[in-house]
Amino acid sequence: MDIDPVMKATYEYFRALYLIDTFDHETAEELIDAAKRTIGQTRNPRVAILLRIPEALCEWAHRNEAGYASSREKLRELYTITKKSRLYHDDVLRALMKVYGNAIDQETAKLGMRYAKELVEYTTGVKRAKFYRQLSDRGVEFESAPPRPEFPFDPFANVRQWLATPPEDLPEGHPTDAIHGPNAIKAKVEKHDELAAIHDDLAKLRTDAILKEIRSVAYDTAENWALAAEFFDDQTGQHCFRVGHLAGMLAREIGLENDYCARIEHAARLHDIGKIGINEMILLKPGPLDPSELTAMRAHAEVGAFMLQGAKDPVLQMAAVIAKHHHEWWNGAGYPSSLADRRIPLAARICALADVYDALTHARPYKGAWPHRVAVEEMLNLSGVQFDPHLMRPFLRVLERYVPALSEGRIPGLDHLKTNGLIASRRKLMETISGSSS
């Protein structure tokens, strides 16, 4: 049976990359030479590019000046070719990141950063185009304008913000400290059982109406993309939903309105949607990232915001804000905008606590799970540094209820996973694979 040259070249390409990454470039060279002989002369540009990339990387893997120079020259030539044809251009950019990113010379390393930035921009453009095409195929309108405010039709938005933000130039102990400070006084209101029951019923009806509004076609599509991005770290898809549930609990704990709490629970699930534009070899790398890989990884915040910008859906508008700013630090040392204290949007500050706690207490490809106590101690040390110190105490109260519920499988947000089509399809696929291999 004749072997398709492109399939053969693709197979050998990935085999060679694996061998190079595991420091066996001699075997990789033998494989590429054998592939050239097997495939023979071909005019197919795909085959030529697929074999030339690992060939250049093999020279770089020799770790000498001649090999470095030759590999970079060959890959730059491929860069010019693939940029015009768009064939495997992202693969060439990844190879260029590798041969430039580990350079000692600063100027050479800067080129690696440039290729990393271009890779993110290129893959983001491709992924965003697919994302928009899925939306348009399902009849969802998207606009290219920047995201509008989270609640564009709220005439009291500015008043609410003013009431929620203490004046920063007033001394400690000022009367407003009783409202906004750590020792804030909560008004005591006598409850009437029947009125309370009516109020709870009305609140439930309103929340149910909001949830029906949230589960739009646009949101469902975005949620699937967020889950697909998260599969590299969490194959169950539960991380997104746990973070969303925790964010919603914290929003309720600090007294935010029901519609805001419902929206942030769903919006926070999309916090890492930008990882769909980051190369999986970086996401799955077990060791520390080099500077160019770290640049590419950090770009996921802006990638996520870029994908969601222009949404008319208020939940996706909030999700765009969270995606962009959930890695900002309270002291201004975060990314991508180096925002500090209350300049970081509240939704992003809430999501940051939920995201970090869940990431610390669950295993990832590059780390094991931390015990709850150790994770909390670490987060307390970062209160006022990475996290909003005013949210830390409410978050600890939330964890007192959340941790037992999680261990007993009583997290309601996880029920939505059972009805998610992407999760169900993936589960069925994995069962089919395991069944065929046994």
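Under the working numbering, residues 418 to 855 are what the sequence shown spells out, in order.
Cβ atoms here follow ideal geometry from the backbone N, Cα and C, with glycine treated the same way.
Practice task
Please classify P821: is it buried, with 16 or more other beta-carbons within 10 angstroms of its beta-carbon, or exposed?
Solution key: Burial is judged here by how many other beta carbons sit within 10 angstroms of a residue's own beta carbon; P821 has fewer than 16 and is exposed.
Problem - Entirely enclosed alpha helix (DSSP H) segments - the region 460 to 544, minimum 4 residues - result: Unbroken alpha helix (DSSP H) runs of no fewer than 4 residues, entirely contained in the region 460 to 544, are found at 462 to 477, 482 to 502, 506 to 518, following chain order.
Handout entry: Backbone CA spacing between L492 and A668 [nearest angstrom]
Key = Approximately 50 Å, taken between the alpha carbons.
Handout entry: Opening and closing residue of the alpha helix (DSSP H) in which T439 lies
Key = Element bounds for T439: n/a, residue is neither H nor E.
Handout entry: Span separating the alpha-carbon of H743 from that of A750
Key = Rounded to whole angstroms, H743 to A750 spans 12 Å at the Cα level.
Exercise for the section: Consider the Cβ of G826: report whether some Cβ of chain D lies at a distance smaller than 8 Å. Expected result: Here there is only one protein chain, and chain D is not present.
Exercise for the section: Tell me whether the beta-carbon of Y517 lies closer than 8 Å to the beta-carbon of G529. Expected result: Yes, the pair counts as a contact, with Cβ atoms nearer than the cut-off.
Problem - Residues sharing a beta bridge with F804, DSSP - result: DSSP lists S800 as partners of F804.
Handout entry: Whole-angstrom distance between G704 and R480, CA atom to CA atom
Key = Their Cα atoms are separated by approximately 20 Å.
Problem - 6 Å Cβ shell around C768 - same chain, five flanking residues per side excluded - result: Same-chain partners within the cutoff: A664, A685, H688, I739, H743.
Handout entry: Exposure label - D775; buried when at least 16 CB within 10 Å
Key = Flag for D775 reads buried.
Problem - Cβ shell of T525 (< 8 Å), same chain only, five flanking positions each side left out - result: Residues Y517 of the same chain have their beta carbon placed closer than 8 Å to that of T525, with the five preceding and five following residues left out of the count.
Practice task
From the DSSP output, read off the bridge partner residues of R781.
Solution key: Bridge partners of R781: K784.
Practice task
Within its chain, find whatever has a CB closer than 8 Å to the CB of S502; leave out the 5 residues flanking it on each side and keep chain order.
Solution key: Here S502 has P462 as same chain residues with Cβ atoms under 8 Å from its own Cβ, once five neighbours each way along the sequence are excluded.
Exercise for the section: Under 8 Å by Cβ, that's how I've got I690 and L725 pegged, so tell me the actual separation to the nearest angstrom. Expected result: Their Cβ separation, rounded to whole angstroms, is 7 Å, which keeps I690 and L725 in contact under 8 Å.
Problem - Element boundaries [alpha helix (DSSP H), containing A684] - result: From DSSP, the alpha helix (DSSP H) with A684 extends over 675 to 684.
Practice task
Using three-state DSSP, classify H742 as helix, strand or coil.
Solution key: Correct three-state label for H742: helix.
Exercise for the section: Might you give, ordered along the chain, the residues of its own chain that have their beta carbon closer than 7 Å to the beta carbon of D758, omitting 5 neighbours on each side? Expected result: W747, listed in sequence order.
Exercise for the section: Within its chain, find whatever has a CB closer than 8 Å to the CB of P811; leave out the 5 residues flanking it on each side and keep chain order. Expected result: Correct list, in chain order: L667, E670, I671.
Handout entry: Integer-rounded CB distance, given that A433 should sit under 8 Å from I456
Key = For a cut-off of 8 Å, the C-beta gap from I456 to A433 is around 14 Å, too long to register as a contact.
Problem - P708: first and last residue of the uninterrupted alpha helix (DSSP H) it sits in - result: Start and end: 708 to 715.
Exercise for the section: For S488, count neighbouring C-beta atoms within 10 Å of its own C-beta (all shown protein chains included) and say buried if the count is 16 or more, exposed if not. Expected result: Buried, since its Cβ has 16 or more Cβ neighbours within 10 Å.
Exercise for the section: Round the Cβ separation of A533 and S709 to the nearest angstrom and send it over; I've been treating them as touching at under 8 Å. Expected result: In this structure A533 is in contact with S709, their Cβ atoms being roughly 4 Å apart against a cut-off of 8 Å.
Practice task
Could you tell me the distance, in whole angstroms, from the CA atom of A601 to the CA atom of L816?
Solution key: Because the pLDDT at A601 is just 48, under 50, the model does not fix this residue reliably, and the value given afterwards should be weighed accordingly. When rounded, the distance between both Cα atoms is 21 Å.
Problem - Nearest to E674 (by Cα), restricted to the options M809, H717, A764 - result: Here the closest residue by C-alpha is A764.
Handout entry: T497 classed as buried or exposed, judged by whether at least 16 other C-beta atoms fall within 10 angstroms
Key = So T497 ends up on the exposed side.
Problem - Reduced DSSP category for Q734 - H, G, I as helix; E, B as strand; rest coil - result: The answer is helix: DSSP assigns Q734 an H, G or I state.
Handout entry: CA nearest to the CA of E443, picked from P471, R790, E490, A426
Key = The alpha carbon of E443 has as its nearest neighbour, out of P471, R790, E490, A426, the alpha carbon of P471.
Exercise for the section: Report buried or exposed for M424, applying the criterion of at least 16 other Cβ atoms within 10 angstroms of its Cβ. Expected result: It counts as exposed.
Problem - Simplified DSSP assignment, three categories, for P753 - result: Three-state DSSP puts P753 in coil, outside helix and strand.
Practice task
Assign T712 to one of two classes, buried (16 or more other C-beta atoms within 10 Å of its C-beta) or exposed (fewer than that).
Solution key: Result: buried.
Practice task
Over the uninterrupted alpha helix (DSSP H) stretch that includes H662, give me the two end residues.
Solution key: DSSP places H662 in the uninterrupted alpha helix (DSSP H) bounded by 655 to 670.
Problem - Endpoints, the alpha helix (DSSP H) within which I699 is located - result: Run containing I699: 697 to 700, per the alpha helix (DSSP H) assignment.
Practice task
Look at R760 and L808 and say whether their C-beta atoms are less than 8 Å apart.
Solution key: Taking the C-beta atoms as reference points, L808 is found no nearer than 8 Å to R760.
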